[in-house]
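For the protein sequence lines, the chains are Z and F, in the order given.
Residue numbers for the first sequence, in the numbering used here: 1 to 306.
Residue numbers for the second sequence, in the numbering used here: 1 to 277.
We put the CB at the ideal spot given by N, CA and C, even for glycine.
Just so we're clear, the structure is a prediction, and the values are computed from it rather than from any experiment.
Notes follow the structure.
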Amino acid sequence: MDNGFRKRLHIGLKQWAAAFPYLFLGVAGTAVFVIYPMIKNILVSLQDYSIMPNAENPWVGLDNYRMAFTDPNRKFLMALRNTFLNTLVTVPINWFCALVFAVLINLSFIRFKITFRTIYYLPIITSWIVVAFLFRFLFANGEHGFINFLLLKAGLIDKPIQWLANYWTAMIVIWLFHIWKTVGWGVVIYLAALQGIPKDLYEAAEIDGAGQLQQFWRITLPMLVPISAFVLINLVNGAFNFFPQVYFITKGGPMDQTQVIPSLIYMQAFNNFKFGYASAMSVMMGLIVFGITYTQMKKLSGRRLL
Amino acid sequence: MKIGFAWKVLVYAVLLAGVVVFMFPFLYMILTTFVKSAYSLPRPREVFSVVPNLDNYIIVWNKNNFSLYFRNSILVTAVAMAGSLFLGALTAYGFARFTFPGKEFLFRLFLLTTMIPGVINIIPQFLVIKNMGLVNTYAGLWLLYIGGGVVGSTFFLRGFFESIPKELEESVLMDGGSSWRIFVHIYLPQSLPALGTLAIFAFQGTWEEYFLALTIIKDEALRTLPIALMMFNDKYATNYGWVFAASVIAVLPGVLVYILFQKKFVQSGYNEGALKG
């Protein structure tokens, strides 16, 4: 061992000793409750796992994965399809509404900016369960359900809709529920970003004779590109992680048609005790989401992540 | 260049339409809590003609141990909040102020865990808690809330900690102060707005947390409010006045905390360093 290495080792150890007291608990907590569970997930997915004490838990190779694709009820494939559908429908709407509301609130002549922001953010701070009760109530069957009442009054439908009894109408309720509940997040993030755009950019443009619209296209939108990457990544992630949206509104029904992967995982594990099967679906979902998030973040932020 | 009057009206109309969409469901919910003995779906006309009263709130508070579950939730949330804040600050300080070999690797490992959805970890997390013999205890729940959430709070706080000027430390260092004293006397007080914001996030995240609590807690007397609310709904589903009175009580603390403190909110993550210490 040469002297330089020994010296570096010595310094390194000293640095570790200084930081260790602060990092130990956080790193240990993450290792035990986040990273180890991820590994455990993979292990369980390869087993016929039972939570009974002293259960044998035999290794079954990829059987659990195979089951996901060969299940005659196609539950996993249906959930996968719904997950993509949820993303495809809600992300553009959510993103567009957030951007429009934020830009409008930020216009110089608008008063009560904070009030608008607070109201738009209110659904975010209300719990998923309560908002789910509320949506189930508003979309109740029969002519006294509020939405049916409105649509009947407006003459758009001639008989009340059984919202949660059919696949597409149930999906619409789930989407509206998700968008209503989460659009305020994007509004708040975009408002903060808009307020961070340096004022002198606009002043310079004004001097050059650029109109309001031109300023919006040439300054505001380009300045919002980096934050839009952040917003979109989070919206896609949020759409992939649909769980309370489905669990509290339809419980996956009718007939498991509106199920998404997280709700399917949870119900297979804790209602049917198929831990191995549920873990196999978890691993697949983890890989999909990781793949998407990782590539998006890499592409959009232009930074090295690993 | 001036914006025309018609445009202003149009913009306000769009924003007010948003207000109606976001506020109306809440209003309808609150009005429903005033409907007495609604054992079937109340007609919209009934809902709009109610007289405000607290009857349903009083009934619900004394029903099905609701007040016990409320207290349980306060205990669970308070400890989880304090723990998350403390552990997050500690870890963020470790990352922000020290250099050591492997720091970037460790931080990237933390970053990678955020790219994998937390929901898929519920099964193995339950197994870990089960192996520790902590199923059906708050300790098990706290470990998951605090240990599972430390990455998020570390990310949130690290940016603030790194924006604290090093010169501030010098006075403490000159007195021969330790890194712990710098943490307690400089970093914590300097980042109070960030800590406050994190506290509110932690509060809301734990107060309404359902799935982990449902998985870990089996004992009826230990249930938290979200579980109780769900059970209450299963039991009295058609009594909308009661269900929504219980719901309003459950969301009130979060809404109040948010409205009181929202002006002090700070954002982090994407615009680190843009704020002033």
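What residues are listed by DSSP as bridge partners for Q296(Z)? For the purposes of this step, residue 296(Z) is taken as the residue at position 296 of the first sequence. Looking at the DSSP assignment, Q296(Z) forms no beta bridge with any residue, so it has no partner.
With a cut-off of 8 Å, does the C-beta of L143(F) fall near any C-beta of chain Z? As a first step, residue 143(F) is located in the second sequence; it is residue number 143 there, counting from the start. Interface annotation, L143(F): in contact with chain Z, CB-CB separation under 8 Å.
Applying the criterion that 16 or more other CB atoms from any shown protein chain within 10 Å of the CB defines a buried residue, is A221(F) buried or exposed? Along the second sequence, one-based indexing puts residue 221(F) at 221. Within 10 angstroms of the beta-carbon of A221(F) lie fewer than 16 other beta-carbons, which makes it exposed.
Name the DSSP bridge partner or partners of Q47(Z)? Residue 47(Z) sits at position 47 when you count from the first residue of the first sequence. W59(Z), per the DSSP bridge assignment.
With 9 Å as the C-beta to C-beta threshold (strictly closer), list the residues of the segment 97-113 of chain F near chain Z in chain order. The segment 97-113 of chain F vs chain Z, Cβ under 9 Å: R97, F98, T99, F100, P101, G102, K103, L106, R108, L109, F110, L111, L112, T113.
Would you mind working out which of G176(F), P25(F), M174(F), L168(F) sits nearest S191(F), comparing C-alpha positions? Counting from one through the second sequence, the residue named residue 191(F) turns up at place 191. When only C-alpha atoms are compared, the closest one is L168(F).
Close-in-space but distant-in-sequence residues of the same chain around R151(F) (CB under 7 Å, 5 per side omitted): The count along the second sequence starts at 1 and reaches residue 151(F) at position 151. Residue 151(F) is actually Val in this sequence, not Arg. Closer than 7 Å at Cβ, skipping near neighbours: F110, T113, T114.
With a 10 Å radius around its C-beta and 16 neighbouring C-beta atoms as the bar for buried, classify N272(Z) as buried or exposed. Within the first sequence, numbered from 1, the residue matching residue 272(Z) stands at position 272. With a threshold of 16 other beta carbon atoms within 10 Å, N272(Z) falls short and is exposed.
According to DSSP, simplified to helix, strand and coil, what is F155(F)? The residue labelled residue 155(F) in the question sits at position 155 within the second sequence. In the displayed model, F155(F) falls within a helix according to three-state DSSP.
Note down the Cα distance separating F26(F) from P52(F), rounded to an integer number of angstroms. Residue numbering aside, residue 26(F) sits at position 26 when the second sequence is read from its first letter. Residue numbering aside, residue 52(F) sits at position 52 when the second sequence is read from its first letter. Straight-line Cα distance between these residues: approximately 15 Å.
If we call anything under 8 Å between Cβ atoms a contact, is N241(Z) one with T182(Z)? Here residue 241(Z) refers to the residue found at position 241 when the first sequence is read from its first residue. Here residue 182(Z) refers to the residue found at position 182 when the first sequence is read from its first residue. In this structure, T182(Z) does not lie closer than 8 Å to N241(Z) by Cβ.
Taking only the alpha-carbon atoms, compute the straight-line gap between W128(Z) and Q245(Z) and give it to the nearest angstrom. In the first sequence, residue 128(Z) corresponds to position 128, counting from 1. In the first sequence, residue 245(Z) corresponds to position 245, counting from 1. Distance between the alpha carbons of W128(Z) and Q245(Z) is about 8 Å.
Cα-Cα separation, L106(F) to G12(Z): Indexing the second sequence from 1 puts residue 106(F) at position 106. Indexing the first sequence from 1 puts residue 12(Z) at position 12. About 15 Å.
Along the segment 252-266 of chain Z, what residues have a CB closer than 7 Å to any CB found in chain A? The displayed structure is made up of protein chains Z and F, and chain A is not among them.
Buried or exposed, going by whether 16 or more other CB atoms sit within 10 Å of the CB of K274(Z)? As a first step, residue 274(Z) must be located in the first sequence, where it is residue number 274. The Cβ neighbour count for K274(Z), taken over all protein chains shown within 10 Å, is at least 16; the residue is labelled buried.
Under 8 Å by beta carbon: chain F residues contacting I40(Z): Reading the first sequence from its first residue, position 40 is the one you call residue 40(Z). A quick correction: the sequence has Lys, not Ile, at residue 40(Z). Those are P124, L127, V128, listed as they occur along chain F.
Considering only the alpha carbon of each residue, which of L213(Z), P160(Z), D48(Z), G286(Z) lies closest to L104(Z)? As a working note, residue 104(Z) is residue 104 in the first sequence. Considering only alpha carbons, the answer is L213(Z).
Pick helix, strand or coil for K63(F), following the three-state DSSP scheme. As a position in the second sequence, residue 63(F) is number 63, starting the count at 1. Residue state, collapsed to three classes: coil.
Using DSSP with H/G/I as helix, E/B as strand and the rest coil, what is M23(F)? Translated into positions along the second sequence, residue 23(F) becomes position 23. It is helical.
For G269(F), which residues from the same chain have a beta carbon less than 8 Å from its beta carbon, with the 5 sequence-adjacent residues on both sides left out? Here residue 269(F) refers to the residue found at position 269 of the second sequence. The predicted model places G269(F) with a pLDDT of 37, which falls under 50 and marks its position as unreliable; any figure quoted below should be read in that light. If the five residues before and after G269(F) are omitted, its C-beta is found closer than 8 Å to the C-beta atoms of F155, F156, G159, all from its own chain and listed in chain order.
Do you know how far the Cα of N136(F) is from the Cα of V32(Z)? The residue given as residue 32(Z) occupies position 32 in the first sequence. The residue given as residue 136(F) occupies position 136 in the second sequence. One C-alpha to the other measures close to 19 Å.
Between N233(F) and chain Z, is any beta-carbon pair separated by less than 8 Å? If you number the second sequence from 1, residue 233(F) lands on position 233. Output row for N233(F): interface = yes.
With distances taken Cα to Cα, identify the nearest neighbour of D234(F) among N148(Z), N141(Z), F133(Z). The sequence position of residue 234(F) within the second sequence is 234, counting from 1. Closest option to D234(F), Cα to Cα, is F133(Z).
Could you tell me which chain Z residues have their CB closer than 7 Å to the CB of M230(F), listed as they occur along the chain? The sequence position of residue 230(F) within the second sequence is 230, counting from 1. Neighbours of M230(F) on chain Z, chain order: I129.
Supposed contact pair P37(Z) and V128(F) - C-beta distance, whole angstroms, cut 8 Å: Working through the second sequence from its first residue, we reach residue 128(F) at position 128. Working through the first sequence from its first residue, we reach residue 37(Z) at position 37. About 6 Å separates the beta carbons of V128(F) and P37(Z), which is inside the 8 Å limit, making them a contact pair.
Run down chain F in chain order and give the residues with a C-beta less than 9 Å from the C-beta of N241(Z). Taking the first sequence and counting its residues from 1, one reaches residue 241(Z) at position 241. In chain order: P117, G118, V119.
Inter-residue Cα distance where the pair is W7(F) and V100(Z): As a working note, residue 7(F) is residue 7 in the second sequence. As a working note, residue 100(Z) is residue 100 in the first sequence. One alpha carbon belongs to W7(F), the other to V100(Z), and they sit about 15 Å apart.
Inspect the CB distances between the segment 30-45 of chain F and the segment 230-246 of chain F and report whether three or more fall short of 8 Å. Contact between the segment 30-45 of chain F and the segment 230-246 of chain F is present: 3 or more CB-CB pairs across the two stretches fall below 8 Å.
Does the Cβ-Cβ distance between N41(Z) and P117(F) come in under 8 Å? For the purposes of this step, residue 41(Z) is taken as residue 41 along the first sequence, with counting starting at 1. For the purposes of this step, residue 117(F) is taken as residue 117 along the second sequence, with counting starting at 1. No, they are not a contact pair.
With a threshold of 8 Å between beta carbons, is G4(Z) in contact with chain F? Mapped onto the first sequence, residue 4(Z) falls at position 4. Answer no: the Cβ-Cβ gap between G4(Z) and chain F never drops below 8 Å.
Nearest-angstrom Cα distance between E50(Z) and N57(Z)? For the purposes of this step, residue 50(Z) is identified with residue 50 of the first sequence, where counting begins at 1. For the purposes of this step, residue 57(Z) is identified with residue 57 of the first sequence, where counting begins at 1. A quick correction: the sequence has Ser, not Glu, at residue 50(Z). One C-alpha to the other measures close to 6 Å.
Which residues bound the alpha helix (DSSP H) around R8(Z)? Looking up residue 8(Z) in the first sequence gives position 8. Residues 3-30.
Given a limit of 8 Å on CB to CB distance, which residues of the segment 282-302 of chain Z reach chain F? Per Cβ criterion, the list reads S282, V283, M285, G286, V289, F290, T293, Y294, M297.
State yes or no: is the C-beta of I249(F) within less than 8 Å of the C-beta of V60(F)? Residue mapping note: residue 249(F) aligns to position 249 of the second sequence, counting from 1. Residue mapping note: residue 60(F) aligns to position 60 of the second sequence, counting from 1. Taking 8 Å as the Cβ cut-off, I249(F) and V60(F) qualify as a contacting pair.
Burial state of I335(Z) (16 or more Cβ within 10 Å): Nothing can be reported for residue 335(Z): it is not among the residues displayed for chain Z, which extend from 1 to 306.
Best match in R181(F), L212(F), F201(F), N121(F) for proximity to W142(F) [C-alpha to C-alpha]: As a working mapping, residue 142(F) is identified with position 142 in the second sequence. Comparing Cα positions, the closest option is L212(F).
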